[in-house]
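S.K.: Chains as they are written, first to last, in the numbering used here: chain A, 4 to 273; chain B, 4 to 273; chain C, 4 to 273. Backbone N, C-alpha and C fix where the C-beta goes; we use that ideal spot for every residue, glycine too.
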Amino acid sequence: MIHPTAKLGQNITIKEGTIIGKNVIIEDDVYIDYGCIIRDNVHIKKASFIGARSILGEYLMDFYKDKVNKVHPLVIGENALIRTENVIYGDAVIGDNFQSGHKVTIREGSNIGNNVRIGTLSDIQGHCDIGNYIGIHSNVHIGQKSKINDYVWIFPYVVLTNDPTPPSEVMLGVTIDSFAIIATGSIILPGVHIYEDGFVGAGAVVNRDVPKETVVVGNPAKEICSVRKIKNKVTGEPAYPWRHTFKRGMPWEESDYEIWYNGLNVKGDE
Amino acid sequence: MIHPTAKLGQNITIKEGTIIGKNVIIEDDVYIDYGCIIRDNVHIKKASFIGARSILGEYLMDFYKDKVNKVHPLVIGENALIRTENVIYGDAVIGDNFQSGHKVTIREGSNIGNNVRIGTLSDIQGHCDIGNYIGIHSNVHIGQKSKINDYVWIFPYVVLTNDPTPPSEVMLGVTIDSFAIIATGSIILPGVHIYEDGFVGAGAVVNRDVPKETVVVGNPAKEICSVRKIKNKVTGEPAYPWRHTFKRGMPWEESDYEIWYNGLNVKGDE
Amino acid sequence: MIHPTAKLGQNITIKEGTIIGKNVIIEDDVYIDYGCIIRDNVHIKKASFIGARSILGEYLMDFYKDKVNKVHPLVIGENALIRTENVIYGDAVIGDNFQSGHKVTIREGSNIGNNVRIGTLSDIQGHCDIGNYIGIHSNVHIGQKSKINDYVWIFPYVVLTNDPTPPSEVMLGVTIDSFAIIATGSIILPGVHIYEDGFVGAGAVVNRDVPKETVVVGNPAKEICSVRKIKNKVTGEPAYPWRHTFKRGMPWEESDYEIWYNGLNVKGDE
Numbered sequence: 004m005i006h007p008t009a010k011l012g013q014n015i016t017i018k019e020g021t022i023i024g025k026n027v028i029i030e031d032d033v034y035i036d037y038g039c040i041i042r043d044n045v046h047i048k049k050a051s052f053i054g055a056r057s058i059l060g061e062y063l064m065d066f067y068k069d070k071v072n073k074v075h076p077l078v079i080g081e082n083a084l085i086r087t088e089n090v091i092y093g094d095a096v097i098g099d100n101f102q103s104g105h106k107v108t109i110r111e112g113s114n115i116g117n118n119v120r121i122g123t124l125s126d127i128q129g130h131c132d133i134g135n136y137i138g139i140h141s142n143v144h145i146g147q148k149s150k151i152n153d154y155v156w157i158f159p160y161v162v163l164t165n166d167p168t169p170p171s172e173v174m175l176g177v178t179i180d181s182f183a184i185i186a187t188g189s190i191i192l193p194g195v196h197i198y199e200d201g202f203v204g205a206g207a208v209v210n211r212d213v214p215k216e217t218v219v220v221g222n223p224a225k226e227i228c229s230v231r232k233i234k235n236k237v238t239g240e241p242a243y244p245w246r247h248t249f250k251r252g253m254p255w256e257e258s259d260y261e262i263w264y265n266g267l268n269v270k271g272d273e
Numbered sequence: 004m005i006h007p008t009a010k011l012g013q014n015i016t017i018k019e020g021t022i023i024g025k026n027v028i029i030e031d032d033v034y035i036d037y038g039c040i041i042r043d044n045v046h047i048k049k050a051s052f053i054g055a056r057s058i059l060g061e062y063l064m065d066f067y068k069d070k071v072n073k074v075h076p077l078v079i080g081e082n083a084l085i086r087t088e089n090v091i092y093g094d095a096v097i098g099d100n101f102q103s104g105h106k107v108t109i110r111e112g113s114n115i116g117n118n119v120r121i122g123t124l125s126d127i128q129g130h131c132d133i134g135n136y137i138g139i140h141s142n143v144h145i146g147q148k149s150k151i152n153d154y155v156w157i158f159p160y161v162v163l164t165n166d167p168t169p170p171s172e173v174m175l176g177v178t179i180d181s182f183a184i185i186a187t188g189s190i191i192l193p194g195v196h197i198y199e200d201g202f203v204g205a206g207a208v209v210n211r212d213v214p215k216e217t218v219v220v221g222n223p224a225k226e227i228c229s230v231r232k233i234k235n236k237v238t239g240e241p242a243y244p245w246r247h248t249f250k251r252g253m254p255w256e257e258s259d260y261e262i263w264y265n266g267l268n269v270k271g272d273e
Numbered sequence: 004m005i006h007p008t009a010k011l012g013q014n015i016t017i018k019e020g021t022i023i024g025k026n027v028i029i030e031d032d033v034y035i036d037y038g039c040i041i042r043d044n045v046h047i048k049k050a051s052f053i054g055a056r057s058i059l060g061e062y063l064m065d066f067y068k069d070k071v072n073k074v075h076p077l078v079i080g081e082n083a084l085i086r087t088e089n090v091i092y093g094d095a096v097i098g099d100n101f102q103s104g105h106k107v108t109i110r111e112g113s114n115i116g117n118n119v120r121i122g123t124l125s126d127i128q129g130h131c132d133i134g135n136y137i138g139i140h141s142n143v144h145i146g147q148k149s150k151i152n153d154y155v156w157i158f159p160y161v162v163l164t165n166d167p168t169p170p171s172e173v174m175l176g177v178t179i180d181s182f183a184i185i186a187t188g189s190i191i192l193p194g195v196h197i198y199e200d201g202f203v204g205a206g207a208v209v210n211r212d213v214p215k216e217t218v219v220v221g222n223p224a225k226e227i228c229s230v231r232k233i234k235n236k237v238t239g240e241p242a243y244p245w246r247h248t249f250k251r252g253m254p255w256e257e258s259d260y261e262i263w264y265n266g267l268n269v270k271g272d273e
């Protein structure tokens, strides 16, 4: 069931049971698996894969009053790999090379950059900024007003909160700077700022800012050392800043961080 | 595919792919989105919205023995807004003005009052009582035998447990009194009673009762102060008891708590 | 839509909207509910139930490059009860009498024994070994390289991790020995070994091995006593080792652990 206003490119696969709404644009080489619901005003860029039963352009609250779908565009960048049963709202923008696990929810007002991965069951509550080259693992909850800069890692069951005195109308989002790592199951309290290369240990409850290159652990979280003291368990080499030891999926994958970074500077192309 | 014994009211929308079983009652002005499964003996009251691919009247354990669906009614109150892919079992009752996020599970024996909201991915394990005007946020787990009174707030990733010596056949549910707040990621241990206006801080592991108007934090949770000491970060005014500072979605939304409450007393209608 | 190469046994029920791929084998007395996607090379053994909209034989990463499904078999043992909306990948093996809740994800490389139960929303990340008679409750995250021996209990929101210095290429899985109990919301750090009858308290963050019959609690977890000191809240009898006090679903259900175990030894059949 494809609405006549939809614009379809070349070499598109659409499996049985998919519904495509008004003013949808699907570019070349897109593959849409069984039973997806693509609501109105969704734009899927080229070579993207949409997993079975995903719902794109999901209704915002204003739909439910009169059952009329207002214009809330969703853009999915090129070369996305969206696994099954994602729900992605209208009024959201997702960059190129996006990957998601199963059953991810992304709400309106989410601005997501390029080369972002979001794991199974994660819940992006919207009205947030997520930069580039970010790895968000399974079952992570990103509260509204969060700001996540490039090259951040967030591991399973982390929650970024936003209301300092719940319930209230105040919303103080969490800010995470580049190269920071938020380990499994930690909770970041409203308004906390985690600075560059900060490391939040597993299960930490973080109620104050985390300085640059600092490790915090515990409930409440306390500073314990510099990230530079942590060694890789196998090589014995310093593990952090991780950009010098890890390159899979990063823009410096083909060389190393220093060469890539200096190349950028020398050539002036960033 | 609508079973001939189903009773449908006026002005009903049923989108493609929905299946409606035996003895289903759907009242006026209900909207059922794509691909829902409404199993036998479900009653959906007027003006409710059922999100795409929700499953209502889900099978209990007794179905699986002989693949015969026994009579386990489910009632959904008026004006519900159930988002996509909820699974709600038979033998459950949900009041009016219910709202749920995506992919919520509600099992048999759940008694849910009016004006309750339950967020995306939350899992209500059944055999529990949930009162009125309650906000349960995303990914909350409500164990069997829980009892949640009116005007309670429960934030993401909270778990209410019930077995003090797992695995065992003993079940001691958690009790939460009115106006209590359970912040993100806290775990409430079996049999714990949280009294009126109690506040459980984020990430707390609560192994003993929380007295009235008391703040507890930490693992294990310890009492730190009265809720009356906590100020709103923006206004600087006392934030608790929150019924004096927050009214969105509450019955005193049009006035304030004192006026509403005194009005009730004067008129004797509560 | 059933591919002509599929082999179907006797007395099979397949509800509307189900898709069955190439070289699928479905044995006698299997029931497949509405709208399942059974991809290629899935083998479902007799008397199993597959819940609505489950996806079996889900694509591995190699599919997405050329949109050609390689051979990655999935075997589901006899008498499975898989509830709705599970996603189970190819290259996995699940034993007999498996039960799962709703919306469970099981990835490639999962080796799961007999009589295992996995609760709603749990996420088995694959490349892991899960033995027999294991109870994994709701919303549990089992990281790659985990090894879980027979008769283990894992309660809601537990996470088994594997990367000691994230992000890195090192993976040190968690090992859990028989009869151990991992209570709600605990996080087990990479490479930790929990020995027989170990007990991890709710909300613990476990960064070192847990000796046999030892209780650990807190963040970071500390040893507090022997499991033999914990009494059942109702009977007042010692609650652990639990195999002497709990038998539901266990192979000694019809007698008790001692009789069953001694019977095995005497007969030499284990």
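#1: Identify the residues that DSSP records as bridge partners of B/Val90: which are they?
#2: If you follow the alpha helix (DSSP H) that A/Lys234 is part of, which residue opens it and which one closes it?
#3: What whole-angstrom Cβ distance do C/Ile151 and C/Asp126 have, given they're in contact under 8 Å?
#4: By how many angstroms is the C-alpha of C/Phe182 removed from the C-alpha of C/Phe2?
#5: When the distance is taken between beta carbons, is B/Asn222 closer than 8 Å to C/Asn222?
#6: Considering C/Asp3, what are the terminal residues of the alpha helix (DSSP H) in which it resides?
#7: Chain B partners of A/Lys25, CB-CB under 8 Å?
#8: Quick one: give me the first and last residue of the beta strand (DSSP E) that C/His6 is part of.
#9: Does A/Asp36 pass the burial test, meaning 16 or more other C-beta atoms within 10 Å, or should it be called exposed?
#10: So, does the CB of C/His105 fall closer than 8 Å to a CB anywhere in chain A?
#11: Tell me, to the nearest whole angstrom, how far the beta carbon of C/Gly122 is from that of C/Val143; I am working on the premise that it is less than 8 Å.
#12: So, is A/Glu273 buried or exposed, given that buried needs 16 or more other C-beta atoms within 10 angstroms?
#13: Compute the beta-carbon to beta-carbon distance between B/Ile97 and B/Val74, rounded to the nearest angstrom, for a pair I have assumed lies under 8 Å.
#14: For the beta strand (DSSP E) containing B/Lys25, list its first residue and its last residue.
#15: Tell whether a beta-carbon distance below 8 Å holds between B/Glu61 and B/Ile41.
#16: In terms of DSSP beta bridges, what is C/Arg120 paired with?
#17: Does the stretch 194-202 of chain A touch the stretch 174-193 of chain B, meaning 3 or more C-beta pairs lie closer than 8 Å?
#18: Using only alpha-carbon positions, find the residue among C/Val33, C/Glu216, C/Ile227 that is nearest to B/Asp69.
#19: Any idea if B/His6 is buried or exposed, counting beta-carbon neighbours within 10 angstroms, 16 or more meaning buried?
#20: Under 7 Å Cβ-Cβ, which residues of chain C neighbour A/Pro159?
#21: Return the bridge partner residues of B/His144 from the DSSP annotation.
#22: Per DSSP, what are the beta-bridge partners of C/Glu226 in this structure?
#23: Please tell me whether C/Gly206 has its Cβ less than 8 Å away from any Cβ of chain B.
#24: With C-beta atoms as the reference, is A/Phe202 less than 8 Å away from A/Tyr243?
#25: What did DSSP end up calling A/Ile15 once you bin it into helix, strand or coil?
#26: Does DSSP put C/His75 in a helix, a strand or coil?
#27: On a Cα-Cα basis, can you pick out the residue from A/Phe66, A/Arg86, A/Met174, A/Gly138 that is closest to A/Arg51?
#28: If you measure between the beta carbons of A/Val230 and A/Thr238, is that distance less than 8 Å?
#29: Considering just the uninterrupted stretch of the beta strand (DSSP E) at B/Asn114, what are its terminal residues?
#30: Label C/Gln128 either buried or exposed according to how many other C-beta atoms from any shown protein chain fall within 10 Å of its C-beta, with 16 as the threshold for buried.
#31: Of all the residues that make up the stretch 216-246 of chain A, which are near chain C by a beta-carbon distance shorter than 9 Å?
#32: Cβ of A/Trp156 less than 8 Å from any chain D Cβ?
#33: Among C/Ile22, C/Ile17, C/Asn26, whose alpha-carbon lies nearest the alpha-carbon of C/Lys10?
#34: Of all the options B/Asn165, B/Pro167, B/Asp180, which has the alpha carbon lying nearest to the alpha carbon of B/Trp156?
M.R.: On the basis of the coordinates in this document:
#1: Partner(s): B/Ile58, B/Thr108.
#2: Unbroken run through A/Lys234: none, as it is neither H nor E.
#3: Between C/Asp126 and C/Ile151 the Cβ distance is about 14 Å, and since that is not below 8 Å, they are no contact.
#4: With chain C running from 4 to 273 in the structure shown, residue 2 of chain C is simply not present.
#5: Contact: yes.
#6: Residue 3 of chain C falls outside the range modelled here, since chain C spans only 4 to 273, and no answer is possible.
#7: Annotation: A/Lys25 has no Cβ neighbours in chain B at a cutoff of 8 Å; minimum Cβ distance is about 15 Å.
#8: Element bounds for C/His6: n/a, residue is neither H nor E.
#9: Buried, by the Cβ-count rule.
#10: C/His105 does not count as touching chain A.
#11: With 8 Å as the limit, C/Gly122 and C/Val143 qualify as a contact, their Cβ atoms being about 7 Å apart.
#12: Here the model assigns A/Glu273 a pLDDT of 43, short of 50, so the residue's position is not dependable and the matter cannot be decided.
#13: That belief does not hold up - the Cβ atoms of B/Ile97 and B/Val74 are roughly 18 Å apart, past 8 Å.
#14: Segment: none, B/Lys25 is in no beta strand (DSSP E) and carries neither H nor E.
#15: No, they are not a contact pair.
#16: For C/Arg120, which the question treats as bridged, DSSP gives the partners C/Gln102, C/Gly138.
#17: The stretch 174-193 of chain B, when compared against the stretch 194-202 of chain A, does not touch it at the 8 Å Cβ threshold.
#18: Residue nearest to B/Asp69 within the set C/Val33, C/Glu216, C/Ile227 is C/Val33 (criterion: CA-CA distance).
#19: Counting Cβ neighbours within 10 Å, B/His6 comes out exposed, since fewer than 16 surround it.
#20: In chain order: His144, Val162.
#21: Partner(s): B/Asp126, B/Val162.
#22: Listed as beta-bridge partners of C/Glu226 by DSSP are C/Val219.
#23: With 8 Å as the cut-off, C/Gly206 counts as an interface residue toward chain B.
#24: Note that the C-beta distance between A/Phe202 and A/Tyr243 is below 8 Å.
#25: Note: A/Ile15 maps to coil in three-state DSSP.
#26: Note: C/His75 maps to coil in three-state DSSP.
#27: Position check: residue 51 of chain A holds Ser in this sequence, whereas Arg was assumed. A/Ser51 has its Cα closest to that of A/Arg86, out of A/Phe66, A/Arg86, A/Met174, A/Gly138.
#28: Taking a C-beta distance under 8 Å as the contact criterion, A/Val230 and A/Thr238 do not qualify as a contact pair.
#29: Unbroken beta strand (DSSP E) run through B/Asn114: 113-115.
#30: C/Gln128 counts as buried, since no fewer than 16 other beta carbons sit within 10 angstroms of its beta carbon.
#31: Correct list: Val220, Gly221, Asn222, Ile233, Lys234, Asn235, Lys236, Val237, Thr238, Ala242, Tyr243, Trp245.
#32: The structure shown contains no chain D; its protein chains are A, B and C.
#33: Taking only the C-alpha atoms, the option nearest C/Lys10 is C/Asn26.
#34: The candidate whose alpha carbon is nearest that of B/Trp156 is B/Asp180.
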